[in-house]
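Worksheet: one structure, shown below.
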Amino acid sequence: MKGIFKAATALTCALVISGAMAQAPQQGTQAPGYFRLALGDYEVTALFDGYNDLSPKLLQGMSQAQIRALLARRSIEFPGVQTAFNAFLVNTGKQLILVDSGAGQCIGATAGQLLANMRAAGYQPEQVDTILLTHLHLDHVCGLVDAQKQALFTHATVYAAKAEADYWLDPTALAKAAAGAREFFKIAQDSTAPYVATGRFKTFAAGQSPLPGLVEATLEAGHTPGSTTYRFTSQNQSIVFMGDLVHNLAVQFEHPEVSIGFDVNSAQAINARQAVFSAAVASKTWVTAAHLPFPGIGHITAQGKHFQWVPVEYGPYKRAAKVPLIE
C-alpha cells in the first residue's frame, strides 16, 4: 500500500509539473531593438527601426550567378535579402544627437519601431536636440514625422548637407523628377517640411561641420549628391556613421565595386565606399551602417583587395577593470 501511495504521489507531481510547463506560453516577440557602445566619454546607442527585403537584382557590377553564390555562402535565401533600418543616438553628456531616423511609417508594418526602441533604451524623442541626416532617402527621413506629417522630435534641429537639400528639397525638383522618382522627392519634402517651417532645418556646405568642434562631416557623394559621413571622437576613440555606403554584407565588402540600383552616381558611390572602407581599416575606428544586420556597428578589416566586416560583439557596456584571463 505504501509503494502504491508513493507511485501515485510521484505521478501527481509529474502531472503538476507537466501542467505548469504547458502554462508557459511562448512570447512571440523579439527583445527591444537597442544596443549600447561606450565611446570615450560618449554613449552610442543603435536603434532598430525595422527591415525590408531587397532583391539581389538591385546589386550591379557582377553577374547574378556570382552575386547569388556570395549570398548562398552566408545561407541567405531568395527572393529577397533582409535589410535592416538602423539609426543611432550619440549622447555626449550635454547633447543627444540622432543620426538618421529610419523608415517610419513609409514602409509599412515592418518598420516604424524607432520611437518604441528609443524609449526602451531610456530616451524620449523630446530629449533629442540634434538630428544629422546622412542623406534624404525615405528610409532615413520618414521617421522624422508621424502619419499626419507632424514633427516627432519637437525640440530637435535637423541638419543635412546643402548639396543633398538642394537636390531633394528644391521647389522645382518634384516637377523635374522622373515619374517613378517623384514619390521619393515628395516624401523627402513632406518629412522635412515641419522642421523647415519652424526654422529647425539647417544645411551645411562641403568642408563645414553642422556642429563645429563636435562632429566632422565629410561629403561622400555618389549614393546621393549630398551623402555625408559623420565622425565623432572622444578620448581618442572615434566612430564613423557611414549611412548607405554599403547595403549588402555578403557582397559589397568582398566586392566593393558592386553598386546598388539606388545610387544616383554608381561610379562615385563605389569610389566613396573604397575610400571610407580603406580609411576605417587604417584607423581601426568603429563604423556604423544603416542597412547592415542590427546593430550595424563594427570594424572593417582588409584581406588583400577585399574587405571584411567584423561586427561588434554583445558584451558589457564597459569592461571590468580586471577580467579573468584563462591561459
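Here the sequence shown is numbered in numbering that gives the first Met the number 0, starting from 0 and rising by one per residue.
Every residue gets a Cβ at the ideal spot worked out from N, C-alpha and C, and that includes glycine.
Roughly how many angstroms lie between the CA atoms of residue i and residue j, to the nearest whole one?
| i | j | result |
| --- | --- | --- |
| VAL311 | PHE84 | 17 Å |
| ARG230 | GLU182 | 31 Å |
| TYR50 | GLU219 | 24 Å |
| HIS134 | LEU95 | 19 Å |
| LEU119 | SER62 | Here residue 119 is Ala; the residue named in the question, Leu, does not match the sequence. Using only the alpha carbons, I get a separation of about 43 Å. |
| LEU14 | GLN22 | Residue placement at LEU14 cannot be trusted, given a pLDDT of 46 that sits under 50; what the coordinates show is reported in the next sentence. When rounded, the distance between both Cα atoms is 12 Å. |
| LEU168 | PHE184 | 7 Å |
| PRO209 | ALA271 | 21 Å |
| THR287 | GLN25 | 33 Å |
| HIS254 | ASN247 | 10 Å |
| ASN264 | ALA30 | 38 Å |
| LEU137 | SER190 | 8 Å |
| ASP99 | GLU326 | 44 Å |
| GLN105 | ILE186 | Before going on, a small fix: residue 105 reads as Cys here, not Gln. Going by the C-alpha atoms only, they are around 8 Å apart. |
| THR171 | GLY27 | 47 Å |
| GLY206 | PRO323 | 46 Å |
| VAL391 | ALA178 | Here the chain comprises residues numbered 0 to 326, so residue 391 is not present and cannot be evaluated. |
| LEU244 | LYS321 | 38 Å |
| GLN234 | ALA150 | 34 Å |
Return helix, strand or coil for residue i, following the three-state DSSP convention.
| i | result |
| --- | --- |
| GLU42 | strand |
| LEU168 | helix |
| PHE4 | Reliability of the predicted coordinates at PHE4 is poor, the pLDDT of 47 falling under 50, and the value obtained from them is presented with this limitation in mind. Residue state, collapsed to three classes: helix. |
| PRO310 | strand |
| ASN247 | coil |
| THR191 | helix |
| PHE152 | coil |
| ILE186 | helix |
| HIS305 | strand |
| GLN22 | coil |
| GLY179 | helix |
| GLY27 | coil |
Let me know if residue i comes out buried or exposed under the rule of 16 or more other beta-carbons within 10 Å of its beta-carbon.
| i | result |
| --- | --- |
| PHE77 | exposed |
| TYR166 | buried |
| ALA146 | exposed |
| ASP40 | exposed |
| PRO193 | buried |
| LEU36 | buried |
| GLU125 | exposed |
| GLY260 | exposed |
Within 7 Å: the Cβ of residue i and any heavy atom of the ligand FAD?
| i | result |
| --- | --- |
| GLN29 | Looking at this structure, you won't find the ligand FAD or any other ligand, since it has none at all. |
By Cβ distance, which residues of its chain are closer than 7 Å to residue i, with the 5 residues on each side in sequence left out?
| i | result |
| --- | --- |
| GLN81 | TYR50, ASP52 |
| PRO224 | ALA162, GLU163, TYR166, VAL263 |
What does residue i pair with, by DSSP beta-bridge criteria?
| i | result |
| --- | --- |
| GLU215 | ARG230 |
| LYS201 | TYR158 |
| ARG67 | In the DSSP output, where bridge partners are listed per residue, ARG67 has none listed. |
| ASP52 | GLN81 |
| ALA37 | GLU42 |
| SER258 | GLN59 |
Apart from the five residues on each side of it in sequence, which residues of its chain come closer than 8 Å, Cβ to Cβ, to residue i?
| i | result |
| --- | --- |
| PHE34 | THR44, ALA45, PHE293, PRO294, ILE296, VAL311, TYR313 |
| ARG67 | PRO55, PHE77 |
| ASP128 | GLN94, LEU95, ILE96, HIS154, ALA155, THR156 |
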